[in-house]
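Visitor:
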Amino acid sequence: MQPDEVMHWLKEEDEQTLEVLWKKADETRREYVGNDIHLRGIIEISNYCVRLCHYCGINAANKNIKRYLMTVEEIMNGVKEIESYGYGTVVLQAGEDARIKADWIAEIIKRIKNETSLSVTLSLGERKKSELELWKKSGADRYLLKIETGNQRLFKSIHPTASKFEWSNRIQILFFLLETGYETGSGIMVGIPGQTYNDILTDIFLFKKLGVHMLGIGPFLPHPETSLGKEFFEGLEDKDQVPNTELMTYKVNALTRIICKNINIPTTTALATINSKTGRELGLKRGANVIMPNFTPIKYRQFYEIYPGRICLEEFGTKVNNMIHERIKSVDREIGYGPGSAIQNKAQKCI
Ligand code: 5AD
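Residue numbering for the sequence shown follows my numbering, starting at 25 and increasing by one per position.
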């Protein structure tokens, strides 16, 4: 698909016409990654964060949330539970903070690899090259780092502390992760204030150039404890402004599937947050092939409030597992067992 066609679809609003796009995304998904839906259990191990990202509810300036760091035993309990449901992957996610020591993570990775057959995905933000290397050597399989937007001016405007750190160029970090041997995931938010249709178009083709293996695309959801959340409510009237809607998120996901083809695409929790009834299913019918159910202990989950109104705050264990199985059945797909790696699917990255 050529850029002008992608732009045309981004602006298409007619529901019937959009059926053509959904069908094409669904066919591409079936042809390149099959019918299996891979399940990744996510554990949000800490909500401490030193950053001041203008969109994120766990930014360092938010004094209204309780901060937590899980213990190794709590993490391992979650890991064992994820394995007991037959999932192939655990994702360890956290804000960025010095409390999360490189050696501590390395030991946890080794324990998971010794005691289970799970693949390990890390989503711990922008960390030092030496740390990323250590974790790879310790057995980590994948790393997830969203670029949020490929527009560097917009990126800088919403990540104010970036320049104080060793590097702030997430695209460079992604290349480093790929070189280091990680199966690498990235993604963007859709509808960031100031994000244009052209930004999204550029991002979709940037994904293709980067050659990442996974892309998570969710709507921007304003959080009242952030400056962007407050500004956003004042309204941004601009015909170039991409809306942060459910429909726009489906379009970006579907077009990413069509352009990048053999990658993994999760149906994001942010999408399921705007449409808790059918958001996950529609995501799966419009290009996605991965679900990431939450296994953070209930007592901590409410504090990982990156955006408000996160779903499944009360659901845990068997309940989550049954709900996910029902949803997969309802879209007539299969559960994928094993690591569900894009590499294993013979993906030639998305180039
Ligand atoms: N709206 C939507 N997504 C958000 N994230 C963080 N804050 C928000 C928000 N307000 C997403 C970002 C980040 C991931 C952990 O959560 O994409 O990478």
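Where a beta carbon is used, it is the ideal one built from N, C-alpha and C, also for glycine.
For clarity, every value in this text was computed on a predicted model and none was experimentally measured.
Out of M25, P27 and R53, state which residue places its alpha-carbon closest to the alpha-carbon of R310.
Guide: Your numbering for residue 310 matches position 286 in the sequence shown. The shortest C-alpha separation from R310 is found at R53.
Visitor: Assuming F229 contacts I283 under a Cβ cut-off of 8 Å, what Cβ separation, rounded to an integer in Å, is found between them?
Guide: Along the sequence shown, read from residue 1 onward, the residue named residue 229 stands at position 205. Along the sequence shown, read from residue 1 onward, the residue named residue 283 stands at position 259. Indeed they touch by this definition, with Cβ atoms about 7 Å apart.
Visitor: Helix, strand or coil: which one does DSSP assign to M316?
Guide: Within the sequence shown, numbered from 1, the residue matching residue 316 stands at position 292. Note: M316 maps to coil in three-state DSSP.
Visitor: For M25, which three-state DSSP category applies?
Guide: The count along the sequence shown starts at 1 and reaches residue 25 at position 1. Looking at M25 - three-state DSSP - the assignment turns out to be coil, as it is neither helix nor strand.
Visitor: Express the C-alpha separation of K152 and M31 in angstroms, rounding to a whole number.
Guide: For the purposes of this step, residue 31 is taken as the residue at position 7 of the sequence shown. For the purposes of this step, residue 152 is taken as the residue at position 128 of the sequence shown. Roughly 37 Å between the two C-alpha positions.
Visitor: Relative to the alpha-carbon of N299, which residue among K263, G253, E68 and L245 has its alpha-carbon at the smallest distance?
Guide: Position 275 of the sequence shown, counting from 1, holds the residue named residue 299. The residue with the shortest Cα to Cα distance from N299 is L245.
Visitor: Assign A122 to buried or exposed, taking buried as 16 or more other Cβ atoms, counted over all protein chains shown, within 10 Å of its Cβ.
Guide: Against the sequence shown, residue 122 aligns to sequence position 98. Per the 10 Å Cβ criterion, exposed.
Visitor: For S70, does the count of other Cβ atoms within 10 angstroms reach 16, so buried, or fall short, so exposed?
Guide: In the sequence shown, residue 70 corresponds to position 46, counting from 1. Answer is buried; the Cβ neighbour count reaches 16.
Visitor: Are the Cβ atoms of G149 and I330 separated by less than 7 Å?
Guide: What you label residue 149 is simply residue 125 of the sequence shown in a count that begins at 1. What you label residue 330 is simply residue 306 of the sequence shown in a count that begins at 1. No, the Cβ-Cβ distance between G149 and I330 is not below 7 Å.
Visitor: Leaving out five residues before and five after F257 in sequence, what residues of the same chain have Cβ atoms less than 6 Å from its Cβ?
Guide: Counted from its first residue, the sequence shown places residue 257 at position 233. Interpretation of F257 is limited by its pLDDT of 49, a score under 50 that renders its predicted location unreliable; the figure taken from the coordinates is listed afterwards. So the list is empty, once near-sequence residues are dropped.
Visitor: Does the stretch 154–171 come into contact with the stretch 129–146, if we say contact requires no fewer than three beta-carbon pairs (one atom in each stretch) closer than 8 Å?
Guide: Contact holds: three or more Cβ-Cβ distances are below 8 Å.
Visitor: Taking 7 Å as the threshold (C-beta atoms), are V115 and I66 in contact?
Guide: The count along the sequence shown starts at 1 and reaches residue 66 at position 42. The count along the sequence shown starts at 1 and reaches residue 115 at position 91. Cβ distance < 7 Å, so I66 and V115 count as in contact.
Visitor: Y328: buried (16+ other C-beta within 10 angstroms of its C-beta) or exposed?
Guide: Here residue 328 refers to the residue found at position 304 of the sequence shown. Its Cβ being crowded by 16 or more others within 10 Å, Y328 is buried.
Visitor: Check whether the Cβ atoms of G211 and L239 sit closer than 7 Å, and answer yes or no.
Guide: The residue labelled residue 211 in the question sits at position 187 within the sequence shown. The residue labelled residue 239 in the question sits at position 215 within the sequence shown. It is a contact, given that the beta carbons lie within the stated cut-off.
Visitor: For the stretch 260–272 and the stretch 313–322, state whether three or more C-beta atom pairs, one from each stretch, are separated by less than 8 Å.
Guide: Verdict: no, contact absent.
Visitor: How should P363 be labelled, buried or exposed, when 16 other C-beta atoms within 10 angstroms of its C-beta is the threshold for buried?
Guide: Taking the first residue of the sequence shown as position 1, residue 363 is located at position 339. Result: buried.
Visitor: Exposed or buried, what is H376 when buried is set at 16 or more other beta-carbons lying within 10 Å of its beta-carbon?
Guide: In this structure the chain extends from 25 to 375, so residue 376 is not present and cannot be described.
Visitor: Under a Cβ-count criterion, where at least 16 other Cβ atoms within 10 Å of its own Cβ denotes burial, should V44 be classed as buried or exposed?
Guide: Counting from 1 along the sequence shown, the entry for residue 44 is found at position 20. Classification of V44: exposed, given that the 10 Å Cβ count is below 16.
Visitor: Going by DSSP, what residue range makes up the beta strand (DSSP E) through Y206?
Guide: One-based indexing of the sequence shown puts residue 206 at position 182. Careful: Y206 lies outside any beta strand (DSSP E) and carries neither H nor E.
Visitor: From which residue to which residue does the alpha helix (DSSP H) around V276 run?
Guide: For the purposes of this step, residue 276 is taken as residue 252 along the sequence shown, with counting starting at 1. Per DSSP, V276 belongs to the alpha helix (DSSP H) from E270 to C284.
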